[in-house]
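Residue numbers (this note's numbering), protein chains in the order written: chain D, 6 to 159; chain V, 6 to 159.
For every residue, glycine included, the Cβ atom is placed at its ideal position computed from N, Cα and C.
Remember, predicted model here, so these are calculated numbers, not experimental data.
Here is the structure we will look at, set down as structure tokens.
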């Protein structure tokens, strides 16, 4: 049945972020929904943020549109212009190439959850608040291009 | 701000379905979210179904992946295998080319709402329960290819 059995899809909190940028996403638990569904036109993730967790470092994508809808709890969207509270049913969209970095922070005392959709093919992107970029092949580097050591993926 | 102001985005219930197939979708009120957001990698709609309304005739897409997440209320997903109740946070996915037609019916006495994402470029599709197909350029025809008269778009 095309209704997804979320519980049967592996939920992980792994990240390739180098230390210490990995700390804020340790409480980000996500499921990749497209591969088990057979979808290839876009990526979809179901993401749970534990209290205190961030969705990512504040970032943008050079070549991929991004869309998010909150489905449970509350999170604060942080962008260049400031902070916006997101509640269930709230939607946000980031067209590719905008360098207005964004992320969500769960500042509440309960889990929150959202669905995020990403299109296109990765061409890398940047981070607003830390000395980091990500490359088209998913590696992390300083803004001057020097690679970070790769995180262990255990 | 990338949080979308849904109330500022036009909500419509128009359809190109020929009569009488338009009747079941008269209570389907939708907003196209990608154009006002500047997204081009995929399409996104915010859809409200009034009590009794269907999301569409039961259909499939030949060449576009589709993903849905419920955000409010309840609806019944109908497919070849039967009926599945969808509640807020439930997700469903339909890979392109599967001819297992699907739609949602609001059989409750309250509005329901969902977000649906569609990828790729339209290459048409089919309907499971009525004598109709849709073409790559968005026109409706009988299964033998004879076009239906085009609906007035007022």
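Listed along chain D, the residues sitting closer than 9 Å to residue 11/V by beta-carbon distance are 94, 95 and 96. Its Cα nearest to that of residue 19/D, the residue 37/D stands out among 10/D, 37/D and 6/D.
Looking at the backbone, the Cα of residue 100/V and that of residue 69/V are separated by about 7 Å. CA-CA distance, residue 115/V to residue 56/V, rounds to 6 Å. Put simply, the region 126 to 133 of chain D touches the region 60 to 67 of chain D. At least three CB pairs are less than 8 Å apart. As the crow flies, the alpha-carbon of residue 117/V is around 4 Å from that of residue 78/V.
Using a Cβ distance threshold of 9 Å, residue 81/V and residue 73/V do not count as a contacting pair.
Residue contact check for residue 99/V against chain D: a CB pair falls below 9 Å. Within the same chain, 65 come within 6 Å of residue 104/V by CB-CB distance, once the 5 residues on both sides are set aside.
Around residue 9/V, the same chain offers 38, 41 and 42 as residues with beta carbons nearer than 8 Å, after the five sequence neighbours per side are excluded. Rounded to whole angstroms, the Cβ separation of residue 44/D and residue 111/D is 27 Å, and the two are not in contact under 8 Å. DSSP lists 82/D as the bridge partner or partners of residue 89/D. Between the alpha carbons of residue 30/D and residue 24/D lies a gap of roughly 11 Å.
Scanning 16/V, 122/V and 151/V for the CA closest to the CA of residue 136/V turns up 151/V.
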